[in-house]
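If you count the sequence shown from 1, position 253 lands on 253 in full-length UniProt numbering, and the numbers rise without skipping.
C-beta atoms are modelled at their ideal positions from N, C-alpha and C, and glycine is treated no differently.
Following: one structure in structure tokens, then a few remarks.
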Amino acid sequence: MEQQLTKFQGQLREKELHEVNLHEQLREKEQQQENAQRQLREMEQQQENAQRQLREKEQQLTNLQGQFRQKEEETTTLEGQLRAKDQEVNELEITLSTAQQALNDQQRQQAPDWIIPCDQIQLTDRCLGRGGWGSVVEGKYCGFAVAVKQIHELILSPHNLSLFGREMDIASSCRHPCLLQFIGATNDEGSPLFVTELMETSLRALLDKQSLSATEVSIISLDVARALNYLHQKKPSPIIHRDISSANVLLWRQGDQWRGKVSDYGAANFMQQTMTAAPGAMIYSAPEALTARNQTVKFTMLEVLNFSTVLYLFVVVFRSMLTVFGVLLCEMCIRELPDPERRDQQVAMVTNRLLRALIRECLQSEPETRPAMEEIVEELQEPV
Numbered sequence: 001m002e003q004q005l006t007k008f009q010g011q012l013r014e015k016e017l018h019e020v021n022l023h024e025q026l027r028e029k030e031q032q033q034e035n036a037q038r039q040l041r042e043m044e045q046q047q048e049n050a051q052r053q054l055r056e057k058e059q060q061l062t063n064l065q066g067q068f069r070q071k072e073e074e075t076t077t078l079e080g081q082l083r084a085k086d087q088e089v090n091e092l093e094i095t096l097s098t099a100q101q102a103l104n105d106q107q108r109q110q111a112p113d114w115i116i117p118c119d120q121i122q123l124t125d126r127c128l129g130r131g132g133w134g135s136v137v138e139g140k141y142c143g144f145a146v147a148v149k150q151i152h153e154l155i156l157s158p159h160n161l162s163l164f165g166r167e168m169d170i171a172s173s174c175r176h177p178c179l180l181q182f183i184g185a186t187n188d189e190g191s192p193l194f195v196t197e198l199m200e201t202s203l204r205a206l207l208d209k210q211s212l213s214a215t216e217v218s219i220i221s222l223d224v225a226r227a228l229n230y231l232h233q234k235k236p237s238p239i240i241h242r243d244i245s246s247a248n249v250l251l252w253r254q255g256d257q258w259r260g261k262v263s264d265y266g267a268a269n270f271m272q273q274t275m276t277a278a279p280g281a282m283i284y285s286a287p288e289a290l291t292a293r294n295q296t297v298k299f300t301m302l303e304v305l306n307f308s309t310v311l312y313l314f315v316v317v318f319r320s321m322l323t324v325f326g327v328l329l330c331e332m333c334i335r336e337l338p339d340p341e342r343r344d345q346q347v348a349m350v351t352n353r354l355l356r357a358l359i360r361e362c363l364q365s366e367p368e369t370r371p372a373m374e375e376i377v378e379e380l381q382e383p384v
């Protein structure tokens, strides 16, 4: 009986222990259930948060889709505007290209044809002459020997360069067998150069060496007179040389005869305005050179007197007639009105009757009484 009781007590303790284990397991299960419920609530909360975020994202997506559609519409509008602008740009480019082409054509037509690039002119060491304005040297242009006049930079200024361009326009418009052929000039930075044909010598240099016969005087004088007559009759207005002198009469040989060409007809005005107020070298200046204003008739008649002085120098050679020429030189240097008695003595030394009469006509004190250059040409064409 006791054994059975002990057995039952052992079984009871086992049952109690089992029950304790079960209660422990139950508590663990309940704890697990609570944890699971808490996790479920957390997951539900996360799900709600995720759903809320999803709804927000969906709303953002909807907004972005709306904005995208709006941007697409704006892009479509801008693309249309861009195509319109492209069309306008293309039309403007065509218009600009046409205008540029027209401008280039106009500039080519209006650009002075006398301009020569400086690098196309080769200068040599051979000096042909010097003056207060610069020097003349022999050069090469397009394979030919030419004369190149170099101007001192000291007399250059924007005004003078503009004047130089106008004078070159004048020179390039002149074409006459008795004018020194103007070839062109530079307009690069620095001192301008202007290029002419190369001649053998000048009248001044020749007179330093020898006297001239009446025939030579007549022929060279006629060449000079023809050149000046051409300049005086130039249209639309006459061209006044302003610096007629034996240095500006250049010579070339035609067979055994010297022929003359007038030089500096384009640059003389430029030189005078940049160097001095009175036209022409003082030795050749007419009495009214100090008082004559810029009047065409005044200056053309003044130039007749200059021409007669050159003609006088033809006949009265520097060396053999130094005393007579000195009197004339003094008179011209002090710029006094001519003394008729002294002039008569000087002109009387000219042996050729026709030349003597022509000089007297040209040396009249009043400009209006001097012959026009056209009349001088006619007189010189008569047999000497």
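In the three-state reduction of the DSSP assignment, valine 350 falls in the coil class.
Secondary structure at aspartate 188: coil, using DSSP grouped into helix, strand and coil. The C-alpha of glutamate 28 is placed about 15 angstroms away from the C-alpha of histidine 18.
A residue is called buried when at least 16 other Cβ atoms come within 10 angstroms of its Cβ; proline 192 meets this threshold and is buried.
Tryptophan 133 sits close to isoleucine 151, with the two beta carbons spaced by under 8 angstroms. Between alanine 185 and methionine 168, the gap from beta carbon to beta carbon is short of 8 angstroms. Cβ contact annotation for glutamate 44 (same chain, cutoff 7 angstroms, sequence separation greater than five): none. In the displayed model, glutamate 200 falls within coil according to three-state DSSP, outside both helix and strand.
Taking 8 angstroms as the cut-off, the Cβ atoms of serine 202 and leucine 123 do not count as close.
By the criterion of a C-beta distance shorter than 8 angstroms, leucine 206 is surrounded in its chain by Leu212, Leu251 and Trp258, once the five residues flanking it on both sides are discounted.
Inter-residue distance for glycine 165 and serine 97 is about 30 angstroms (C-alpha atoms, whole angstroms).
At a Cβ-Cβ threshold of 8 angstroms, arginine 253 and glutamate 200 count as neighbours.
DSSP, reduced to helix, strand and coil, places leucine 123 within a strand of the structure shown. Shown here, serine 157 sits in coil according to DSSP, grouped into three states, outside any helix or strand. For leucine 180, there is no enclosing beta strand (DSSP E), as DSSP marks it with neither H nor E. One thing to note: cysteine 174 has its Cβ within 8 angstroms of the Cβ of tyrosine 265.
When rounded, the separation of the alpha-carbon atoms in isoleucine 94 and phenylalanine 68 is 37 angstroms. Out of Tyr230, Asp223 and Gln181, the CA that lies nearest to the CA of isoleucine 239 is found in Tyr230. Straight through space, the alpha carbons of aspartate 188 and isoleucine 359 are spaced by roughly 44 angstroms. In this structure, the straight-line span from the alpha carbon of isoleucine 376 to that of valine 262 is close to 16 angstroms.
Judged by DSSP in its simplified three-state form, serine 221 adopts helix.
Under DSSP, isoleucine 239 takes part in no beta bridge, so it has no partner. One Cα belongs to threonine 77, the other to glutamine 47, and the distance between them is close to 43 angstroms.
For leucine 64 and glutamine 25, the gap between their C-alpha atoms comes out near 55 angstroms. Nearest Cα to asparagine 352 within the set Glu73, Glu368, Val217 and Leu222: Val217.
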